[in-house]
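Trainee: Quick one: this structure, given as structure tokens, is what I'll be asking you about.
Residue numbers (our numbering): 15 to 235.
Have a look at this one:
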């Protein structure tokens, strides 16, 4: 049985308001919902297995998710409802005679999401590099021509390097933003609405692939 929807129906507006306020303070956040639940049941004691009343307080936590834009909030709330409902069901199944009395309190965890900035290059793992089937441009050398610092648009630059390499270019990728015959590669991939620097987030890469059905992006850590 669903336990959370009625509670969330009354609290969704407040949760959304809190998360929006946290985003205003922290820009981008990672967050989870935690439900404090009261259960009642009976515990068997002694040789005669006499049952005595039992009350348990349990906490059920949703997955921690990255919230990059206000549009992500509603999806996070919906997924959290399902996750906490499943946790409640599992708890009652494990304690065969436990019943949910009420959801006492719902709390919100929210932390600043720290993204990597320009220049955070990771070399290709040796085993993968030995296959000779990967291109991993060193985006730490991709310089923003305005600031003179490593570019926060490193995903755009790295993708441009890939397409330039496909066309036979193999040098001076650090000038991907300024070299005249390289600039054509910067706009091959549609990155409209994609935050820069780009977080390692499946929703972000799914969105890029939806906007660019001819490419596939794989991420390893």
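The C-beta atom is built at its ideal place from N, Cα and C for all residues, glycine as well.
Fair warning: this is a prediction, and the values are worked out from it, not measured in the lab.
#1: Does DSSP put residue 50 in a helix, in a strand, or in coil?
#2: Once DSSP output is grouped into helix, strand and coil, what is the label at residue 193?
#3: With 8 Å as the threshold, decide whether the Cβ of residue 139 is near any Cβ in chain D.
#4: If you follow the alpha helix (DSSP H) that residue 84 is in, where does it begin and where does it stop?
#5: Can you name the start and end residues of the alpha helix (DSSP H) that residue 125 belongs to?
#6: Going by the CB atoms, is the gap between residue 32 and residue 122 shorter than 8 Å?
#7: Which residues in the same chain have their Cβ closer than 6 Å to the Cβ of residue 144, if we skip the five residues on either side of it in sequence?
#8: Quick one: residues in its chain with C-beta nearer than 6 Å to the C-beta of residue 219, no 5 flanking neighbours on either side, listed in chain order?
#9: Quick check on the burial criterion: 16 or more other C-beta atoms within 10 angstroms. Buried or exposed for residue 212?
#10: Out of 229, 23 and 137, which one is the CA nearest neighbour of residue 177?
#11: Rounding to the nearest angstrom, what Cα-Cα distance links residue 193 and residue 45 in this structure?
#12: According to the Cβ coordinates, are residue 169 and residue 210 closer than 8 Å?
#13: By how many angstroms is the C-alpha of residue 125 removed from the C-alpha of residue 24?
#14: Quick one: grab the DSSP three-state call for residue 162.
#15: For residue 32, report the span of its alpha helix (DSSP H) as first-last.
#16: Looking only at DSSP bridge pairs, what is residue 55 linked to?
#17: Relative to the C-alpha of residue 66, which candidate in 54, 72 and 76 has its C-alpha closest?
#18: Could you check if residue 215 belongs to the surroundings of the ligand NAD, using beta carbon to heavy atom distance under 7 Å?
Mentor: In short, the structure shows the following:
#1: To locate residue 50, count along the chain shown from 1; it is residue 36. The answer is strand: DSSP assigns residue 50 an E or B state.
#2: Residue numbering aside, residue 193 sits at position 179 when the chain shown is read from its first letter. When secondary structure is reduced to three states using DSSP, residue 193 falls in the coil class, being assigned neither helix nor strand.
#3: The structure shown contains no chain D; it holds only a single protein chain.
#4: Taking the first residue of the chain shown as 1, we reach residue 84 at position 70. No alpha helix (DSSP H) holds residue 84; DSSP gives it neither H nor E.
#5: Counted from its first residue, the chain shown places residue 125 at position 111. Residue 125 -> not in any alpha helix (DSSP H); beta strand (DSSP E) instead, spanning 113-126.
#6: Walking along the chain shown from the start, residue 122 turns up at place 108. Walking along the chain shown from the start, residue 32 turns up at place 18. Less than 8 Å separates the beta-carbon of residue 122 from that of residue 32.
#7: Reading the chain shown from its first residue, position 130 is the one you call residue 144. Answer for residue 144: no residue qualifies.
#8: On the chain shown, position 205 is the one that residue 219 refers to. Within the same chain, residue 219 has close Cβ partners 231.
#9: In the chain shown, residue 212 corresponds to position 198, counting from 1. Answer is buried; the Cβ neighbour count reaches 16.
#10: Here residue 177 is taken as the residue at index 163 of the chain shown, counted from 1. Ranking the options by Cα distance to residue 177, first place goes to 229.
#11: For this step, residue 193 is matched to residue 179 along the chain shown. For this step, residue 45 is matched to residue 31 along the chain shown. A direct Cα-to-Cα measurement between residue 193 and residue 45 gives close to 41 Å.
#12: Locating residue 169 in the chain shown gives position 155, counting from the first residue. Locating residue 210 in the chain shown gives position 196, counting from the first residue. Yes, the Cβ-Cβ distance between residue 169 and residue 210 is below 8 Å.
#13: Residue mapping note: residue 24 aligns to position 10 of the chain shown, counting from 1. Residue mapping note: residue 125 aligns to position 111 of the chain shown, counting from 1. Roughly 24 Å between the two C-alpha positions.
#14: The residue given as residue 162 occupies position 148 in the chain shown. In the structure shown, residue 162 sits in coil (DSSP, three-state: anything other than H, G, I, E or B).
#15: If you number the chain shown from 1, residue 32 lands on position 18. Residues 18-40.
#16: One-based indexing of the chain shown puts residue 55 at position 41. Residue 55 pairs with 68.
#17: The residue you call residue 66 lines up with position 52 of the chain shown. Ranking 54, 72 and 76 by Cα distance to residue 66 puts 54 first.
#18: No copy of the ligand NAD appears in this structure; indeed no ligand is present at all.
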